[in-house]
Amino acid sequence: MKSRRKLIVTILVCGGLAALAYFSWMLPFYEFDVNDYDVSFEKLFSAEYLRTLVPLFIIAALSAVGIVLVVKLRKQMVKSDRRYSRFADAHTSKQSGRAPKQKPALFMIVRRTVMVVSAVVLIWGGLIFGLKMSSLSLPLLSCPWNSEEMTASSCYYLSHLNELFQLPIKKILLFVGSTAASVILLGRAVCGFICPMGLIQDVMDRLRRRTKTEGIAANEKLYAALTPIKWTLVLVFAGLCFAGGNFCNFCPMVSVSPILAGISTSLYVSGFLMIFVLIGSFFKRRLFCSVCPVGYMVGLFHKVSLFRVKKDCTACTECGACYEACPMGIKQIYTERGKADVTDANCIMCGECVRCCPEDNALSLTFAGAKIYSSSRKKLMSGCEPAEKVRR
């Protein structure tokens with residue numbers, strides 16, 4: 073009865089939020105008189121380019137104000153309620169007594185490098201290389217409004233099916249083929265390696281750690297609370313292509329990619345959402361990845377992806393370090409006691425669970441059956457930054 077009631081409440085909340093989203097998709101955040109698509113290298117170093125960046129500056133300023141207000145509010149709650157103080161001390165990373173910084177593994181260096189290079193290519197690739205492969209698509213949050221991106225993003229045509237089927241058959245086949253190939257070859261590793269939104273969230277998390285600010289306690293209640301938001305975005309994403317409207321007005325990446333490319337872009341709901349994404353990602357790593365509709369749909373095909381997470385259950389000591397390190401809150405990797413393959417639909421292949429596992433070869437990432445990254449006690453003991461504590 074309790075689970076049925078919870079399901080009904082979730083459905084009602086998702087339906088209500090989706091209906092609200094449908095009627096608010098044209099809510100303006102910042103509007104230019106005319107959208108400017110004349111981009112060149114010269115413009116990127118001009119005063120006009122700075123004018124194009126104005127909405128991004130506004131988003132950054134409002135996000136900074138929001139972060140400060142949240143920090144002040146939490147401090148006030150700790151002072152006024154000792155019970156909250158005890159809860160925060162027990163279940164939130166304090167960043168004190170940190171061990172020496174671990175020397176990054178080659179896998180982590182490669183992943184971070186690929187993330188930075190991918191962001192540059194997806195935002196300025198057309199300008200830098202003079203090459204645009206618009207018929208090839210990747211299932212990530214890039215931005216079709218950015219006319220200078222090197223490859224297209226699958227999310228546009230997946231949420232605008234009427235426009236997809238108006239294309240020549242050759243372009244439709246290229247779109248379907250490139251999207252399917254990336255899903256099979258990479259799966260949600262696209263989120264962990266390539267998606268620019270992932271890089272933005274990782275930067276926000278790193279900024280919080282550098283400022284030694286407490287993060288939000290990551291626990292099952294938090295991930296349960298994010299479920300209605302995820303399903304709302306999925307309903308909006310899938311529904312707008314049939315009911316009319318433009319999902320791009322909801323996508324936070326519209327607030328970043330075309331603007332950085334020097335394209336004057338009017339922002340609607342996406343501007344407000346980007347503020348919430350930045351504030352949320354500051355306190356909870358990869359918050360948006362937990363609710364991203366594109367990532368969710370790619371995750372549905374995780375069983376055919378060549379990237380896998382493997383576990384040697386005989387080497388596992390049930391310490392829970394993998395669960396605490398996981399930014400997606402995947403509990404299966406900690407609780408599984410039989411299966412060797414613990415790949416989950418929500419796994420973005422970031423390798424954090426492997427990095428913080430204290431047992432040799434207990435966890436590993438594989439590609440097409442070959443190990444590319446394995447846990448190591450020696451590397452961990454050289455000094456590993458503590459992950460956010462998780463209330464089990």
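So the number in the numbering used here is just where the residue sits in the sequence shown, counting from 1, plus 72. The beta-carbon is built from N, C-alpha and C at its ideal position, and this holds for glycine as well.
The ligand MG heavy atom lying under 6 Å from the CB of residue i
i      : result
Cys391 : The model on display carries no ligand, and the ligand MG is accordingly not part of it.
Sub-7 Å separation of residue i and residue j beta-carbons
i      : j      : result
Val341 : Leu305 : no
Leu208 : Ile266 : no
Leu271 : Met187 : yes
Gly264 : Met421 : yes
Glu431 : Ala387 : yes
Ser353 : Met276 : yes
Cys419 : Ala397 : no
Lys356 : Ile288 : yes
Ser231 : Phe129 : no
Ala417 : His374 : yes
Gly423 : Phe247 : no
Arg184 : Gln273 : no
Through-space distance from residue j to residue i, alpha-carbon basis
i      : j      : result
Leu345 : Cys428 : 32 Å
Ser219 : Thr337 : 11 Å
Cys215 : Glu286 : 32 Å
Ser448 : Ser226 : 37 Å
Thr19  : Leu194 : The structure shown has nothing for residue 19, since the chain only spans 73 to 464.
Lys284 : Leu452 : 22 Å
Ser446 : Tyr395 : 16 Å
Thr251 : Ile181 : 26 Å
Ala160 : Ile351 : Low confidence applies here, because Ala160 scores a pLDDT of 49, under 50, leaving its location unreliable; read the following figure in that light. Cα to Cα, the separation comes out at about 19 Å.
Trp303 : Ser118 : 42 Å
Ala261 : Val308 : 24 Å
Ile444 : Gly259 : 16 Å
Lys293 : Pro240 : 47 Å
Val126 : Leu339 : 11 Å
Leu210 : Ala224 : 7 Å
Pro324 : Ile301 : 15 Å
Glu120 : Ala297 : 42 Å
Ser135 : Ala177 : 32 Å
Leu378 : Glu221 : 26 Å
Residue i classed as buried or exposed, judged by whether at least 16 other C-beta atoms fall within 10 angstroms
i      : result
Asp413 : exposed
Pro399 : buried
Thr249 : The sequence shown places Gly at residue 249, rather than the Thr named in the question. Result: exposed.
Ser190 : buried
Val376 : exposed
Gly441 : exposed
Phe360 : buried
Glu235 : exposed
Val137 : exposed
Gln238 : exposed
Gly410 : exposed
Leu332 : buried
Any C-beta of chain D under 7 Å from that of residue i
i      : result
Ile405 : Annotation note: the requested chain D is absent from the structure, which comprises a single protein chain.
Touch test, the region 182-201 against the region 276-286, Cβ-Cβ under 8 Å, three pairs minimum = At 8 Å Cβ cutoff, the stretches do not touch.
Taking one C-beta from the region 324-335 and one from the region 255-264 each time, how about it: are there three or more such pairs within less than 8 Å?
-> Counting Cβ pairs under 8 Å, fewer than three are found: no touch.
Cβ contact (3+ pairs, closer than 8 Å) linking the region 429-437 and the region 363-382 | Contact between the region 429-437 and the region 363-382 is present, because at least three Cβ pairs lie under 8 Å.
If we count Cβ pairs, one from each stretch, closer than 8 Å, do we get three or more for the region 345-359 versus the region 403-416?
-> Output reads no: the region 403-416 does not touch the region 345-359.
Output the residue ranges of the beta strand (DSSP E) runs that lie fully inside the region 215-276 and measure 3 residues or longer, sorted by chain position.
-> Runs found: 223-225.
Inside the region 383-450 only - alpha helix (DSSP H) runs reaching at least 4 residues = Contiguous alpha helix (DSSP H) elements confined to the region 383-450 occur at 393-397, 404-407 and 424-427, taking only those with 4 or more residues.
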